[in-house]
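These notes are about the structure you will find just below.
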Ligand code: ATP
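Residue numbers (the numbering used here): 327 to 1212.
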């Protein structure tokens, strides 16, 4: 018995259900029996494997080599201190591996948590009531309602359908939509049967009710194993760049190490001493924590964005967002509230406000049209039915119902709405007569009208009458109203529905106020150098009026391009027109929207595009950032997007862009921070080799700096809040490198040099205090020498604390930045101070790092020098602000 071969009734019976659906209790029972409607969790990479990977990547291998070299050296010449060095490097590998793993793991968890925020929903009929449930709760026997744009959540058999076409390309690869209807068929395969809807495919058009017969792994889709493999998260440009950069720095470190080894041996240092320096330099320079810190700060940004109602589906989107130059936005629902009310009506050749509904009670054709020509669903809530669906249709249905409620009249058939046709029709039978009711954009309805009805009289619609209607339409549109035309015709008993020779009955103008936050958001875009282009299916004058209300259009005559004109335009022409400062696209279809996006991309713009319908999917995919609506959006649009707006609000896009820009800046901040400390780590070695001074900093102490100071504070910089000024600058060029020469110069040649000078100064200060003279080489365990290296180490740490504040902004004064915004900053400093105190003042800290407790006066000197660095940097920032600000 194949379900497709059964009649609707037999199919329902065979699943022991009815059109009313299952009862909640029965659904619960079946859920226990059949399990959740989801495929087995995709096997993620095992945690252990990820853990091991942290110890086998490029840097780790360099470090393993260095450790191996140290142990080999120890075996060749015991007692040179190589064993301890080897152990220390192993310690670095371990700490780094664990730290990176922890960060990656946290980042992954954060993203996984986000995807759970928006589970797929299904509209299901249980005990006769329509309700929304998570798709994974569906069980065989459930009756579900589907419409255009819905993903089909389980294998089901149609029980009622209107104009349903499905796209089954996910299963067959064929993208041509297939018609589906409820009648029994003789085919015996799921794919060929025209009354079967398969999970994983989606509804292109129409609407239907269907009964579920297979869920989860038992669906066709569930059985095609290869389809269950999730798409691999692509690696972002940013991550690639960091990886490239890290390798570069590591290679630089290796070359420097080899160079030093050569110089050391050339100037007569012992082989072992030279080798130790070479290893030290390599270890000091490898930027171990960089990549995981970047990933984590991206992940943290996605969490912040989610709090601001933008759900990021791909990590890559975060950085692209930051460089967005153009936003193409829909009007309805994104810029406006999508709260519609019918406010004006053109009827009996007069344009009047909609006031008392009772006055339309005799306009039977108009009222029935408003009441039945829609795609709404009824849902029982409490004792009343409420309508679910497009707010415009709800407003119209309400208008009809309030004027005169004709009760439940079944819709016989429907000619569906799409953005190309811009109209829809239904056929109903009332008092033995079949009527076709059509509503839609006046431009597409009027040419199909032959008559006009006025006060019960029907007469020819001549050109004067048409002109009058168009004038009324324009008057309403200029006030920002969305205008719909209503027409009807009488059908003979067997006549096919047709939208021809209709009788025009009225125009209704609906008000949809702009969202209150949008005006400010648009202003922010303007100051941030981001263009906003409205791309709407609505009438040009409505579009301009709304654009004016939200501050998108300020000039007298903005350029308004209509879909029709677009169709005939060459690419070059459109390219040129896009240069106008104020452009609005009106009456465009989804396909034309895609052309606009393509043209903008050809102009090298970074384009963010919003969309909600099935037809928007190509534009969403093609754009640099596809933004789907979380509330009004279809599943298909959501799947094609990079970002989902949980509140459909334009202002949330702008917030997300701000976060995107912030991430990029924050990564630069912690890179400056991390790179700065490399110089006071390297310079002592160079000074040692070139000037024959005692070595100011041992390798183990370098590691204490890298692991003690750089890790947590770097992370804190990654979590810095947005800087208001970021949205007052033009977008960052997409090709702009993360590591600019300016950044390198500031970190290495300025801040790094200052830190090196301060730490060397403290080193010599302590040496001199104990009577050291140039040329004397103290022994490794000489307390005076140990105190001096300890002072050098502590001086670097102190300078890094000040540097943390310095790195919060490349130009603004430390004092202009709020200190209480980022708790991680203080935590980082706290850990840093605690660590250095442990290293300096505990016996095991002394033993491990070769340190010696310091006098208070030395700390005083260090703090003064660190403050001095802060002051010098303040001076530099002041000069930059004063003389180089643009
Ligand atoms: P936006 O792109 O800003 O969301 P839109 O919603 O007006 O604009 P479409 O959905 O493509 O864009 O609609 C285009 C036009 O089709 C509308 O301006 C309206 O005149 C008409 N229209 C929209 N929805 C319906 C509907 N449900 N029934 C009949 N006509 C409709």
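Backbone N, C-alpha and C fix where the C-beta goes; we use that ideal spot for every residue, glycine too.
Residue i versus residue j: straight-line alpha-carbon distance, rounded
i            : j            : result
residue 597  : residue 578  : 22 Å
residue 674  : residue 807  : 20 Å
residue 885  : residue 1192 : 58 Å
residue 505  : residue 493  : 9 Å
residue 691  : residue 755  : 12 Å
residue 744  : residue 428  : 49 Å
residue 1198 : residue 1036 : 22 Å
residue 1194 : residue 1081 : 10 Å
residue 1180 : residue 626  : 39 Å
residue 466  : residue 415  : 60 Å
residue 348  : residue 546  : 23 Å
residue 425  : residue 910  : 50 Å
residue 1021 : residue 1111 : 9 Å
residue 489  : residue 531  : 7 Å
residue 1066 : residue 765  : 58 Å
residue 747  : residue 721  : 21 Å
residue 1131 : residue 1138 : 11 Å
residue 875  : residue 477  : 36 Å
residue 1056 : residue 653  : 14 Å
residue 883  : residue 905  : 15 Å
residue 1003 : residue 1122 : 7 Å
residue 873  : residue 679  : 23 Å
residue 1227 : residue 610  : Only positions 327 to 1212 of the chain appear in the structure, and residue 1227 is not among them; the question remains open.
residue 658  : residue 988  : 29 Å
residue 1174 : residue 566  : 37 Å
Cβ-heavy atom distance, residue i to ligand 1, below 7 Å
i            : result
residue 582  : no
residue 743  : yes
residue 657  : yes
residue 767  : yes
residue 716  : yes
residue 619  : no
residue 905  : no
residue 864  : yes
residue 748  : yes
residue 342  : no
residue 1065 : no
residue 810  : yes
residue 474  : no
residue 991  : no
residue 719  : yes
Other residues of its chain near residue i: CB distance less than 6 Å, five sequence neighbours each side excluded
i            : result
residue 757  : none
residue 986  : 644, 647, 648
residue 1010 : 1022, 1023
residue 1014 : 1021
residue 938  : 955, 958, 959, 963
residue 995  : 1043, 1133
Proximal residues to residue i (C-beta, below 8 Å), its chain only, five neighbours per side dropped
i           : result
residue 544 : 360, 481
residue 921 : 892, 900
residue 340 : 327, 329, 332
Sequence-distant residues of its chain with Cβ nearer than 7 Å to residue i (five each side left out)
i            : result
residue 1166 : 1116, 1120, 1177, 1179, 1180
residue 823  : 739, 741, 751, 753, 762, 817
residue 599  : 590
residue 944  : 920
residue 1031 : 1003, 1007, 1119, 1122, 1123
residue 723  : 696, 697, 700, 702, 713
residue 946  : 935, 937, 952, 954, 963, 966, 967
residue 1157 : 1038
inquiry  = Please give me, in chain order, every unbroken run of the alpha helix (DSSP H) with length at least 4 that falls completely inside the region 1010-1075.
reply    = 1025-1034, 1037-1044, 1067-1070
message = So within the region 651-738, which uninterrupted alpha helix (DSSP H) runs reach at least 4 residues, ignoring any that extend past its ends?
response = 690-698, 717-729
query = Curious, which full-length alpha helix (DSSP H) runs of at least 4 residues does the region 331-367 contain?
reply = 334-340, 350-360
4-residue-minimum alpha helix (DSSP H) runs that sit fully inside the region 583-632, ordered along the chain = 597-611
task = At 3 residues or longer, and completely inside the region 469-555: list those beta strand (DSSP E) runs for me, N to C.
result = 469-473, 481-493, 504-506, 528-540
request  = Identify every run of the beta strand (DSSP E) within the region 928-978, keeping only runs that are complete inside it and at least 3 residues long; order them along the chain.
outcome  = 933-937, 951-955, 969-971
ask   = Taking only runs of the beta strand (DSSP E) that begin and end inside the region 769-844, which ones reach a length of at least 3 residues, in chain order?
value = 775-780, 783-786, 808-817, 828-837
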